[in-house]
Amino acid sequence: MPTIGVKRDLLFDALGKKYTDDEFQELCFAFGLELDEVTTEKQMLTKEQGDVAAAADASEEIIYRIDIPANRYDLLCLEGLVTALRVFQGKVKPPKFEFVEPAQRQVLKINPSTAQIRPFAVAAVLRNVTFTQDSYNSFIDLQDKLHQNICRKRTLVAIGTHDLDTIKGPFSYEALPPEQIKFVPLNQTQELNGVQLMNFYATHAQLKQYLPIIRDSPVYPVIYDANRVVLSLPPIINGDHSKISLKTKNVFIECTATDLTKAKVVLDTIVCLFSEHCAKKFTVEPCDVVQTDGTTIISYPELAVRTERISVKRANAYIGINEPANKLADMLTRMYLETEVDAKDGDSLNVKIPPTRHDVIHACDVYEDIAIAFGYNNIKKSLPAFMQIAKQFPLNKLTEQLREQVAQAGFTEALTFTLCSRDDIALKLNKKIEALPAVHIGNPKTLEFQVVRTTLLPGLLKTLVANRKMPLPMKLFEISDVVLADEAAEVGARNERRLCAVNCNKSAGFEVVHGLLDRVMQVLSVPWKTGGADKGYYLQATEDPSYFPGRCANVMYNDAVIGRIGVLHPSVLQAFDLTTPCSAVEFTIEPFV
Amino acid sequence: MHPDLTERILQHLETVDKVNTLELATQFSVDHQKVVGALKSIQAHGDLVIAETATQKHLELTDEGQSVVEKGSHEAIVYSLVPPEGIAQAALMVAGGPNAKVGFSKAMSQGWILLDKSVNPPLVRRKVDKIVDNVKDQLVLVASGKSQLTAKDVADYKKRKLLQETTIKSFILSKGPEFATTLTKLETDLTMDMLTSGLWEQLKFKSYNFDALGAAPTRGHLHPLLKVRTEFRQIFLEMGFSEMPTNNYVESSFWNFDALFQPQQHPARDAHDTFFIIHPAQSHKFPQEYLQRVKAVHSKGGYGSLGYGYDWKLSDAQKNLLRTHTTAVSARMLFKLANQEGGFKPAKYFSIDKVFRNETLDATHLAEFHQVEGVIADVGLTLGDLIGTLYEFFRKLGITQLEFKPAYNPYTEPSMEIFCYHPGLAKWIEVGNSGLFRPELLRPMGLPENVNVIAWGLSLERPTMIKYGINNIRDLVGPRVDLKMVEDGPICRLDHV
Numbered sequence: 141m142p143t144i145g146v147k148r149d150l151l152f153d154a155l156g157k158k159y160t161d162d163e164f165q166e167l168c169f170a171f172g173l174e175l176d177e178v179t180t181e182k183q184m185l186t187k188e189q190g191d192v193a194a195a196a197d198a199s200e201e202i203i204y205r206i207d208i209p210a211n212r213y214d215l216l217c218l219e220g221l222v223t224a225l226r227v228f229q230g231k232v233k234p235p236k237f238e239f240v241e242p243a244q245r246q247v248l249k250i251n252p253s254t255a256q257i258r259p260f261a262v263a264a265v266l267r268n269v270t271f272t273q274d275s276y277n278s279f280i281d282l283q284d285k286l287h288q289n290i291c292r293k294r295t296l297v298a299i300g301t302h303d304l305d306t307i308k309g310p311f312s313y314e315a316l317p318p319e320q321i322k323f324v325p326l327n328q329t330q331e332l333n334g335v336q337l338m339n340f341y342a343t344h345a346q347l348k349q350y351l352p353i354i355r356d357s358p359v360y361p362v363i364y365d366a367n368r369v370v371l372s373l374p375p376i377i378n379g380d381h382s383k384i385s386l387k388t389k390n391v392f393i394e395c396t397a398t399d400l401t402k403a404k405v406v407l408d409t410i411v412c413l414f415s416e417h418c419a420k421k422f423t424v425e426p427c428d429v430v431q432t433d434g435t436t437i438i439s440y441p442e443l444a445v446r447t448e449r450i451s452v453k454r455a456n457a458y459i460g461i462n463e464p465a466n467k468l469a470d471m472l473t474r475m476y477l478e479t480e481v482d483a484k485d486g487d488s489l490n491v492k493i494p495p496t497r498h499d500v501i502h503a504c505d506v507y508e509d510i511a512i513a514f515g516y517n518n519i520k521k522s523l524p525a526f527m528q529i530a531k532q533f534p535l536n537k538l539t540e541q542l543r544e545q546v547a548q549a550g551f552t553e554a555l556t557f558t559l560c561s562r563d564d565i566a567l568k569l570n571k572k573i574e575a576l577p578a579v580h581i582g583n584p585k586t587l588e589f590q591v592v593r594t595t596l597l598p599g600l601l602k603t604l605v606a607n608r609k610m611p612l613p614m615k616l617f618e619i620s621d622v623v624l625a626d627e628a629a630e631v632g633a634r635n636e637r638r639l640c641a642v643n644c645n646k647s648a649g650f651e652v653v654h655g656l657l658d659r660v661m662q663v664l665s666v667p668w669k670t671g672g673a674d675k676g677y678y679l680q681a682t683e684d685p686s687y688f689p690g691r692c693a694n695v696m697y698n699d700a701v702i703g704r705i706g707v708l709h710p711s712v713l714q715a716f717d718l719t720t721p722c723s724a725v726e727f728t729i730e731p732f733v
Numbered sequence: 046m047h048p049d050l051t052e053r054i055l056q057h058l059e060t061v062d063k064v065n066t067l068e069l070a071t072q073f074s075v076d077h078q079k080v081v082g083a084l085k086s087i088q089a090h091g092d093l094v095i096a097e098t099a100t101q102k103h104l105e106l107t108d109e110g111q112s113v114v115e116k117g118s119h120e121a122i123v124y125s126l127v128p129p130e131g132i133a134q135a136a137l138m139v140a141g142g143p144n145a146k147v148g149f150s151k152a153m154s155q156g157w158i159l160l161d162k163s164v165n166p167p168l169v170r171r172k173v174d175k176i177v178d179n180v181k182d183q184l185v186l187v188a189s190g191k192s193q194l195t196a197k198d199v200a201d202y203k204k205r206k207l208l209q210e211t212t213i214k215s216f217i218l219s220k221g222p223e224f225a226t227t228l229t230k231l232e233t234d235l236t237m238d239m240l241t242s243g244l245w246e247q248l249k250f251k252s253y254n255f256d257a258l259g260a261a262p263t264r265g266h267l268h269p270l271l272k273v274r275t276e277f278r279q280i281f282l283e284m285g286f287s288e289m290p291t292n293n294y295v296e297s298s299f300w301n302f303d304a305l306f307q308p309q310q311h312p313a314r315d316a317h318d319t320f321f322i323i324h325p326a327q328s329h330k331f332p333q334e335y336l337q338r339v340k341a342v343h344s345k346g347g348y349g350s351l352g353y354g355y356d357w358k359l360s361d362a363q364k365n366l367l368r369t370h371t372t373a374v375s376a377r378m379l380f381k382l383a384n385q386e387g388g389f390k391p392a393k394y395f396s397i398d399k400v401f402r403n404e405t406l407d408a409t410h411l412a413e414f415h416q417v418e419g420v421i422a423d424v425g426l427t428l429g430d431l432i433g434t435l436y437e438f439f440r441k442l443g444i445t446q447l448e449f450k451p452a453y454n455p456y457t458e459p460s461m462e463i464f465c466y467h468p469g470l471a472k473w474i475e476v477g478n479s480g481l482f483r484p485e486l487l488r489p490m491g492l493p494e495n496v497n498v499i500a501w502g503l504s505l506e507r508p509t510m511i512k513y514g515i516n517n518i519r520d521l522v523g524p525r526v527d528l529k530m531v532e533d534g535p536i537c538r539l540d541h542v
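Residue numbers (this note's numbering), protein chains in the order written: chain A, 141 to 733; chain G, 46 to 542.
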């Protein structure tokens, strides 16, 4: 969930009211935001970077850190937040964004070479902007937030903003071999080429994470103006020449991307949110973007307003309220979706979805906004009317019954981790990992998460070791799933429900776990198979490197191996750091469902 | 325990009104402690005697005092070391040993010796021919118990560390209400033999110590988190929900994400939030027609939706992972529900099982935890129905005050975060997440257009930790669980706050 930091006093000025922290928190709650933290720049610097020295000069102005829903790009800066809240409170109507056609449009030509690395580009212009230090910071912050979220750390979209008065169109978006690209990057003085740039920023705390996006490509993306001045080398850095300052009046915005849909959303978001700083508020100057065929011209930004037609009946039914059409229209307008009751059809609402609300893709998104404006806590509660005879999942029902029985037999239940290290299920048990049908994790952060357990035994042994202070005997059990790789299974692996018990005492006590096995079979009505009987359970002596020689057996059920029982081998005890002998039994309970 | 002694004490007490245990010790020639022990035995049998405590002060020789009795006082020793011709002071000090200095000054003040300074070095000479060692004599008397020292002398000897005062605790015994001259044996328990013989009517029984604990029964124990799981299962079953089969930790990205309308570039699908599997790395068995519909709704839209407008890749959907939510199973169940023989029928499902997240670990977060999920599918379900169901669900946990906050999930719209007022903690806390499944999720499965699905979820660990006051999740789950806590844990009463 993204978080933005806004200066409280600026926020209240823009909202036109001073709130207490609690009052603002309530407003956030009703709208779907969360006031996460009340802090100051000084506190943030000290906390995040431990930088007490820098913090000494930092401001003590109160900052609100607010959690924003992940799909609301239009709330990622103070401007967007304030507009949305004021519309929500009914203080203003949702702004209408308009194009202002210039005498001559700016042109951005996309060269076919970009198809190899970053095929798409869009552009727009904001005219006669007045920046203050605060709005300038906000402008930079918004780009950063968009980069982190919808742009997926600049991999999908990269944003470049430039002082239009320092450059001259038509602009050209190309991809060239790195050595051929030369410019002075933002805030530097030396000219660097593409290769030098990679080295230069290899240790830069913020920028080094973006280098891999293009580093190994034979060509790097670059935008030039008519005089071959570099505007930017996306997604890494802009040129110093066209950088924006507090004095900038006209802003050229370009977004290059691997996902065109997202590039359009990003462009729309930036211009909508910052057009309020233009002399003519909420106006945007369109640009022509020439496609790779050299002739097709697409105008950007789209700033599309689409109309979604909603049925009043269905909206009310979906939520469980009964509001008249005009009330619903008012509610939606407060949610930034300007709505009118259809002149001809009283059950229809025409809902305008503005370019700031790219999150609205279906009628259900509109229904949610109605519910939010109505207030979730004002909706009358009701209950679904149908009757159902419920069923338990038989394997789980059996598990619950067996847990009770094993506890009654004097064993204590443990709850151990499903993920473990390879050694836990192999080396420490004198087995080879290659021979086990184990599921291996691709990206474990630590060796605790290398594999999914194929046996419950290591978890129980670790629990014994961690509880050395308990008096002997320690008798533990667990009835839970292991996971086995299995080609026949739909996803290539399946769970198996196992019962595992260990007895840890001064003597290993095979007969103790054997007795438990007998008891479990008894409560399952499974007879002990002797002589010529065809059904039942029995033990079949076997050798297993995890177990003491001569003290190990297969647990057989109807002549199939369902598990193993025995005294643990001293080398296994040692591998797990146990100094007390243990006997163990583990078998699958699935045949008994 | 010296039955003879107890009987002797009782018999003696028959003949007198009162006696001090110290007197008894002297009379019976036994150590006073043995008399006290015998007294305790008598008292264990009932109120045979009354014992008043008494303290006495008693003068005793210190070790130093003892040596004076044996060898004489320091001053007498010094006197005896002075030969008729006299002795140099220094030599006298050496000869006199460690106490020579004290002895010398005492002898001087008694007028037994003098220091002749007319010669060089000065000599110590006897002043009188004979001395009487009063100190030794008096101490000898003290030792034999026959002294009569004045308070001043006592103080003086105490100062010189020759005498010490000890306090002796003793008891003054007299006959008690149950006095008898013999001790009857007290029985500890009613036995079968006593019943058969009928002897129980004559026997005396030791009083039971009702302030001690009883004998702990042998038993096994269930794990506290799993006891909570049992309770939640009960709640769902009481509400008529059927249990989903969730015994599949390994899942394909298709069912875990794509079927739930979670787009392929969503952050949750990053390797840093999800455990991806290298073996077996991919799934290949999918319901093909359904898969095509899912692909279409993601990339192009449909069913009234714009879709996400990106290139949907089969290879992303095939990637295997450890499921990040049990909602993947809910998706499978809804698909079955839509395509079962006889067509769709309303259903209520629940599950409680493990999910896996590759996130940063801390005191309250592990890589694996249990998700509790409830799902209802029916024609015309509303957000109000979800709210009503949640009120009933949480009422069974003893929670009656709920508030709902707008939230965002990729697969539900509307979405609500559930907050409750926890009476025990006296504050509002977030307890779960909920919403209506998006039509883009439901329609490709083949569920009829008027069918809505409401769902909610919460973690099992969080309410358990709050209920039992556990701050670190590793104290509850995993090998480091405190087995003593498991053994001592109460039955799980979720509606008792």
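Every residue, glycine too, gets a C-beta built ideally from N, C-alpha and C.
The structure presented is a predicted model; accordingly, all values stated were derived computationally and were not measured.
Restricting attention to A:Ile202, A:Met141, A:Glu181, the CA atom closest to the CA of A:Thr160 is found in A:Ile202. Scanning chain G for C-beta atoms nearer than 9 Å to the C-beta of A:Tyr440 yields nothing, as the closest lies near 16 Å away. Contact between the segment 528-539 of chain A and the segment 681-694 of chain A is not established, with fewer than three Cβ pairs separated by less than 8 Å. Taking one beta carbon from each stretch, the segment 266-284 of chain G and the segment 438-445 of chain G have 3 or more pairs nearer than 8 Å; the two touch. The Cβ neighbour count for G:Tyr294, taken over all protein chains shown within 10 Å, is at least 16; the residue is labelled buried. Residue A:Ile363 holds the alpha-carbon nearest to the alpha-carbon of A:Ala397 among A:Val424, A:Ile363, A:Trp668, A:Ala503. The DSSP-derived three-state label of G:Ser215 is strand. Ranked by Cα distance from A:Asn211, the first of G:Val147, G:Pro325, G:Tyr456 is G:Tyr456.
Taking a cut-off of 8 Å on C-beta distances, the segment 323-332 of chain A touches the segment 369-385 of chain A, as three or more cross pairs fall below it. By the neighbour-count definition (other C-beta atoms within 10 Å, threshold 16), A:Phe526 is an exposed residue. Counting only unbroken stretches of 4 or more residues, no alpha helix (DSSP H) element lies wholly within the segment 274-300 of chain A.
Taking G:Val127 as the centre and dropping the five residues before and after it, the same chain places the C-beta of Leu137, Ile158, Val169, Arg170, Arg171 closer than 8 Å to its C-beta, in chain order. Non-local beta-carbon contacts of G:Asp198 in its own chain, meaning distances under 8 Å to residues more than five positions away in sequence, involve Gln183 in chain order. With a contact defined as Cβ atoms closer than 8 Å, A:Leu266 and A:Val424 qualify at about 7 Å. A contact between stretches requires three or more CB pairs, one per stretch, nearer than 8 Å, and the segment 281-298 of chain A fails this requirement with the segment 472-480 of chain A.
When the five nearest sequence neighbours on each side are left out, the beta carbons in the same chain lying within less than 7 Å of the beta carbon of G:Leu231 are those of His90, Lys249, Phe250, Lys251, in order along the chain.
In this structure, the beta-carbon distance from A:Phe533 to G:Pro391 does not fall below 8 Å. Excluding its 5 nearest sequence neighbours in each direction, A:Leu225 has C-beta neighbours in its own chain below 8 Å: Leu155, Leu167, Phe171, listed in chain order. Straight through space, the alpha carbons of G:Asp318 and A:Leu282 are spaced by roughly 25 Å. In terms of beta-carbon proximity, A:Met471 stays away from the interface with chain G, with every pair separated by 8 Å or more. In the three-state scheme derived from DSSP, where H, G and I count as helix and E and B as strand, G:Pro451 is classed as strand.
Non-local C-beta neighbours of A:Arg659 in its own chain, meaning closer than 6 Å and more than five positions away in sequence, comprise Ala549, ordered along the chain. For chain G, the residues of the segment 543-555 of chain A that bring a beta carbon within less than 7 Å of one of its beta carbons are Arg543, Val546, Ala547, Gln548, Ala549, Gly550, Phe551, Thr552, Glu553, Ala554, Leu555, in chain order. Under the DSSP assignment, G:Met237 falls in the alpha helix (DSSP H) whose first and last residues are 237-242. About 5 Å separates the beta carbon of A:Phe732 from that of A:Leu664, a gap short enough to meet the 8 Å contact definition. Boundaries of the alpha helix (DSSP H) harbouring G:Glu437: 428-440, taken from the DSSP string. Contact annotation for A:Lys585 against chain G: Asn403 [CB-CB distance below 8 Å, chain order].
With distances taken between CA atoms, G:His119 lies nearest to G:Gly148 out of G:Asp303, G:Gly148, G:Val400.
At a C-beta separation below 8 Å, G:Arg483 has these neighbours in chain A: His502, Cys504. Listed by position along chain A, the residues whose Cβ is nearer than 7 Å to that of G:Ser297 are Val631. By a beta-carbon distance limit of 8 Å, G:Val420 contacts G:Tyr394. Their separation comes to about 5 Å.
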